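Enquirer: Sharing a structure here in structure tokens format.
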Amino acid sequence: MPLPEAFDYAEPEGMGLELGDQVAAPLGPRLLRGVVVALRDAHGGNRPLKPVEAVLEEPRLPPGTVEFVQWAARYAVDWPGQPLAIALRGARAPKPRPLKVLEATGAAPARMTPAREKVLVAAASHAHSAAELARAAGVSAGVVKALADEGVLAVRYLEPEESFPTPDPSRPGPALSASQAAAAQALRDMVGERRFGVALLDGVTGSGKTEVYLEAAAAALGADPDAQVLVLLPEIALTQAVISRVADRFGAEPGEWHSDVAPPARRRVWEAVAAGRCRIVVGARSALFLPFRKLSLVVVDEEHDASFKQEEGFIYHARDLAVARAKIEDAAVVLASATPSLETLRNAEQGRYRWLRLEGRHGEARLPDIDVVDLRETPPEPGRWLSPPLVAAMAETYGRGEQTLLFLNRRGYAPLVLCKACGERLTAPDTDSWLVEHRYTGRLVCHLTGFSMPKPAACPHCGSKDSLVSIGPGVERVEEEARERFPDARIAVFSSDTVFDAREGKRLIEAMAAGEFDILVATQAAAKGHNFPNLTLVGVVDADLGLRGGDLRAAERTYQLLAQATGRAGRREKPGRALLQTWAPEHAVMAALKAQDRDAFVAAEMAEREAAGLPPFGRLAAVVASGTDPVQLEDFVRAMAQAAPNSPGVEVYGPADAPLGLVRGRRRKRFLVRSDRTVDLSAYMATWRARVKPPASVRVAIDIDPYSFL
Ligand SMILES: [Zn+2]
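Note that the sequence shown ends on residue 712 in this note's numbering; no numbers are left out.
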């Protein structure tokens, strides 16, 4: 509920309430689910309190979870009910059906083959579903099915207690390089201290960070039979690969937690985490709110990734909250990245975090050579997007039977449709956002609001026929050009429009890794974390894309994204190459990428931030007020500006029209607040918010440490 704090209730005689209990409590005429967040003696109180109705037959939230939820609400300047609802998401999902597994019956197969033997070995370790069994044994589903048909394997339904097998940290890990081994030892030492501590695991793409942090997980699991480990990932598309790595390393499937997991399965994970049975979770940002009983280690993989920032509803950054939760739980944190955020690098430079640097790429692989294509000198032909040098490199690569990744971080066919008769740019209704043309579906889509419509035959503004033209490229348009230029090549597109879920994404990634495509055109969804052994050329179609609009982190984000994308090339023995198409080859980001000099880029960027007092050298918060009635909104933001507390070290800018001034019929106004690092900006914002009450037509959202400035 949108309430500033918890309500008080009386505890009926003999109920025996404990902190974290889920209860049914009356609110007005309704009975609602609530959580006990504090207990105190109330003698001397003169208000009669309503009694709690009943304790629910549901797992209790551990004290660390209760404390974390309240801390998160205070930090984000939001109602405590918001993070609590996230923490209870699994508890409110429908009950799962019993899990179906296959077990060896003891009967001998009529015919033994190496593949069948592998299945029986895997089946002997613990109970697997048919799909897990095939994966664990590395055989096709047909081998497993044949054994089941023969009666060598039989179906059994697992009790809930059995659904998460105990991981075995004593299984031998992979051979590590000297640099990996040193980092792994440092992490083991940190985990061994059994108290709060943070390490930055810093290594180029392909340096083997996952193997290293799994050693930290092994140390945590081995040191304490109750210890739990959380691995946070920025993208659902990456979870499957990490789940396989965890299963291989510890011989047990981890719990999987993200929005694509079906609600009953989510509930199974939630209950097992609360009971301490599920000891490793791999998930997206909201996994941070699971009811861990004994959280010992949190890994934030790709810690720099902006996807860790939740921008709607409860606004938070999962990396920052992970560090906070670990502090509450006395747990260790590993932040892993090839291109760490400036915030994390600053903490490492200042000695607040341990800084572990992995040297070079693992094994034989070398970093790709990166070249800049100056589009002023060698532009593509009119109406095309691939420059002559990039096309020539693609032809060479294709000729050698190797793969090319064309990277463009823009979905659809064209980012803008305009009428050449009247100049109208098509936007979503009541929204300042261009409609993006999608040719696969034949629709125009607003990526902001989700609005879509079939592409009209005539201009909706002036009625001219055949006057609408597509401006600029998205991945679908680059694919079209690649097909025209290489008609015999096998070409695929990877973006969130062509790949609908984690399973489909995994299939496409595996097909690419197996060499089933010659050219993959992809948005950032495919640019992260994957290994494509035969990929030797990465072409960045528009390296300047992220620099336009120019917010605080534009250069940092562009550097990170392009370093990730170009790092896909040459992951194995074959040398890789990357070409960046740019109109601004002298820009610091392009120069740093070409020279492969991250430190110089970071130093220059840090100096600029320090001079401006911006993060990580100062703090920022944003306020977005939106309303359907422009007059009421204007009056409210004016009153809000006057109510801003005077405080040393705090500057308030605004109100100003938001760059995205109209969304779904609501006008938007913004304030930006900058403060010195020593200021408790959350407390300042809470004081400010309490001084003004918005009218019913106005919504106010506070964003601590904003990543979006739209
Ligand atoms: Zn028109």
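C-beta: ideal position from N, C-alpha, C; glycine also. The structure presented is a predicted model; accordingly, all values stated were derived computationally and were not measured.
1. Contact check, residue 472 vs residue 419 under 8 angstroms by CB: the rounded distance?
2. For residue 303, count neighbouring C-beta atoms within 10 Å of its own C-beta (all shown protein chains included) and say buried if the count is 16 or more, exposed if not.
3. From the DSSP output, in three-state form, read off residue 135 for me.
4. Tell me residue 659's beta-bridge partners as DSSP assigns them.
5. If you draw a straight line from the C-alpha of residue 88 to the C-alpha of residue 335, how long is it?
6. Between the Cα of residue 412 and those of 542, 150, 635 and 468, spot the shortest distance and give me the residue it belongs to.
7. So, at 8 angstroms on beta carbons, what are the nonlocal neighbours of residue 3 in its own chain, with the 5 sequence-adjacent residues on each side left out?
8. Are there any heavy atoms of ligand 1 lying less than 7 angstroms away from the beta-carbon of residue 472, as far as the coordinates show?
9. Does the pairing of the stretch 483-495 with the stretch 505-522 give three or more beta-carbon distances under 8 angstroms?
10. Mind checking who residue 34 pairs with in its DSSP beta bridge?
11. Roughly how many angstroms separate the alpha carbons of residue 354 and residue 322, rounded to a whole number?
12. CA-CA distance, residue 2 and residue 623?
13. Considering only the beta carbon of each residue, do residue 293 and residue 276 sit closer than 8 angstroms?
14. When you compare only the Cα positions, how much space is there between residue 290 and residue 92?
15. Please classify residue 80: does DSSP put it in a helix, a strand, or coil?
16. Look at the alpha carbon of residue 579 and the alpha carbon of residue 280, and state the distance between them as a whole number of angstroms.
17. So what does residue 677 bridge to, in DSSP terms?
18. Does the beta carbon of residue 423 fall short of 7 angstroms from some heavy atom of ligand 1?
19. Could you tell me whether the stretch 207-225 touches the stretch 248-255, where touching means 3 or more Cβ pairs closer than 8 angstroms?
20. Applying the 10 Å Cβ sphere with the 16-neighbour rule, what's the burial state of residue 192?
21. Please report the residue range of the alpha helix (DSSP H) in which residue 690 lies.
22. Start and end of the alpha helix (DSSP H) containing residue 592?
23. Output the distance between the C-alpha atoms of residue 428 and residue 660, rounded to the nearest integer angstrom.
24. Apply the 10 Å Cβ neighbour rule to residue 41 and answer buried if 16 or more other Cβ atoms are within range, or exposed otherwise.
25. Could you name the residues that DSSP lists as bridge partners for residue 318?
26. Does the beta-carbon of residue 127 have 16 or more other beta-carbons within 10 angstroms, so that it is buried, or is it exposed?
27. Whether or not the stretch 175-186 and the stretch 301-320 are in contact is what I'm after, with contact meaning three or more pairs of Cβ atoms, one per stretch, closer than 8 angstroms; do they touch?
28. Check the DSSP bridge columns for residue 421 and list the partner residues they point to.
29. At a cut-off of 7 angstroms, is residue 426 close to ligand 1 when judged by its beta-carbon and the heavy atoms of the ligand?
30. Please list the terminal residues of the continuous alpha helix (DSSP H) segment that includes residue 223.
31. Considering only residues of the same chain and omitting the five flanking positions on each side of residue 668, which have a CB-CB separation below 7 angstroms?
32. Pick helix, strand or coil for residue 3, following the three-state DSSP scheme.
33. Below 8 angstroms on the Cβ atoms is my contact criterion, and I expect residue 474 with residue 417 to pass it. Report the Cβ-Cβ distance as a whole number of Å.
34. Note the first and the last residue of the continuous beta strand (DSSP E) segment covering residue 568.
35. Secondary structure at residue 415, three-state DSSP: helix, strand or coil?
Expert: The short version:
1. 6 angstroms
2. buried
3. helix
4. 671
5. 22 angstroms
6. 542
7. 29, 34, 81 and 83
8. no
9. yes
10. 27
11. 14 angstroms
12. Look at the range of the chain in this structure, 3 to 712, and you will see that residue 2 is not part of it.
13. yes
14. 12 angstroms
15. coil
16. 43 angstroms
17. 621 and 652
18. yes
19. yes
20. buried
21. 683-693
22. 590-597
23. 20 angstroms
24. exposed
25. 312
26. exposed
27. no
28. 470
29. yes
30. 211-225
31. 628, 629 and 630
32. coil
33. 5 angstroms
34. It is not in any beta strand (DSSP E) - residue 568 instead sits in the alpha helix (DSSP H) that spans 556-568.
35. coil
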